[in-house]
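All remarks here apply to the structure that follows.
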């Protein structure tokens with residue numbers, strides 16, 4: 001890709017995200033979402049492969065439909081109340097339409113169908129952007145309008161997302177699709193708590209982005225795309241694969257690692273809100289996700305192929321991503337002891 005084109009798309013992504021998260025007016029928020037959508041499409045389709053073009057078209061159609069619903073929802077609310085403020089969404093139809101639109105933008109069930117396909121057609125770097133940066137503006141809109149969302153609809157979609165994200169990830173062999181279903185499952189955890197504690201949703205999103213960035217950067221360094229190649233990468237970069245195993249276990253939410261913190265806090269908050277049944281169901285559904293994270297961790301470190309090619313072990317890789325991977329990996333595994341400090345700041 002031309003460096004100038006890459007610079008323009010990167011600046012446009014930054015601009016669109018900044019406009020959306022800093023706006024109070026519906027039209028400005030919608031403008032930021034549109035800039036984001038148009039900026040990411042060249043990055044998805046840059047490989048000129050038929051699967052990449054298909055992914056770009058699917059992404060554009062779904063995001064255009066979701067943006068139309070956002071505009072429609074805000075217009076109906078303005079028509080009935082005279083308010084264009086993000087925090088003044090009071091009309092019931094507008095609230096329902098907005099919940100649906102943001103669910104489409106994020107990839108919540110039953111609007112999840114596009115996300116695994118788009119991630120599978122993208123490069124690992126673009127897939128990282130789609131899983132983290134592109135989720136931030138819709139999460140911000142949900143955060144600002146959380147008091148006016150439909151709790152029953154959101155809870156139903158959240159539990160369905162946690163169930164489907166775990167269930168569909170079990171039988172996958174492509175790592176990008178596994179991480180897409182992992183993202184859908186984590187979005188279920190974020191959505192179920194946003195009405196009761198919006199700050200906790202943001203904390204969960206930040207920690208999820210941190211752990212997912214670690215996994216994607218390691219996969220991008222080792223050039224790993226599917227389960228059959230993740231076994232061979234151990235012979236080339238043993239330290240990176242050991243780090244990948246810990247990052248995956250953290251993403252699964254095992255207690256000594258960072259990923260346990262948001263799940264623990266969400267279950268605690270749901271219990272305080274007398275939603276014990278929902279907390280029990282979503283905790284049980286996270287075991288499905290734990291299975292495929294354990295399978296990935298098993299493939300990356302414990303299993304070796306029968307006839308592995310002999311490589312000299314590269315204990316040092318001359319890449320610019322070394323330092324970021326070291327910092328982000330440390331944070332994605334060791335933030336749990338700092339949780340009292342995080343909770344005080346939240």
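In full-length UniProt numbering, the protein residues as written are 1 to 346.
Just so it is clear, CB atoms sit at the ideal spot from N, CA and C, and this is done for glycine as well.
Neighbour-count burial assignment, residue i, 16 or more Cβ in a 10 Å radius
i	result
residue 79	exposed
residue 4	exposed
residue 279	buried
residue 381	The shown model of the chain, from 1 to 346, leaves out residue 381, and the question about it has no answer.
residue 154	buried
residue 17	buried
residue 171	exposed
residue 135	buried
residue 1	exposed
residue 263	buried
Under 7 Å between C-beta atoms of residue i and residue j
i	j	result
residue 258	residue 333	yes
residue 187	residue 148	no
residue 301	residue 241	yes
residue 119	residue 176	yes
residue 353	residue 328	Examination of residue 353 is not possible in this model, given that the chain is present from 1 through 346 alone.
residue 33	residue 10	no
residue 293	residue 247	no
residue 230	residue 299	yes
residue 41	residue 60	yes
residue 140	residue 266	no
residue 38	residue 72	no
residue 150	residue 86	no
residue 163	residue 285	yes
residue 109	residue 183	no
residue 167	residue 288	yes
residue 117	residue 46	no
Own chain residues within Cβ distance below 6 Å of residue i, not counting five before or after
i	result
residue 138	102, 105 and 106
residue 111	103 and 104
residue 84	25, 26 and 78
residue 165	181, 184 and 185
residue 12	35 and 39
Opposing strand residues paired with residue i [DSSP bridges]
i	result
residue 85	25
Beta-carbon contacts of residue i that lie in its chain and below 8 Å, excluding the five residues immediately before and after
i	result
residue 143	194, 198, 201 and 202
residue 216	124, 125, 127, 128, 131 and 179
residue 122	43, 44, 52, 55, 130 and 176
Residue-chain proximity (residue i, chain D), Cβ-Cβ < 7 Å
i	result
residue 164	Absent here is chain D; the protein component of the structure consists of one chain.
Sequence-distant residues of the same chain with beta carbon closer than 7 Å to residue i, five excluded per side
i	result
residue 158	188, 191 and 192
residue 249	257, 293 and 297
residue 228	none
residue 336	256, 257, 258, 260 and 261
residue 226	173, 174 and 175
- request: Would you mind listing the alpha helix (DSSP H) stretches within the region 168 to 230 that are 4+ residues and don't spill past its ends, in chain order?
  value: Every alpha helix (DSSP H) of 4 residues or more that sits fully in the region 168 to 230 is shown, in chain order, as 175 to 193, 198 to 222 and 227 to 230.
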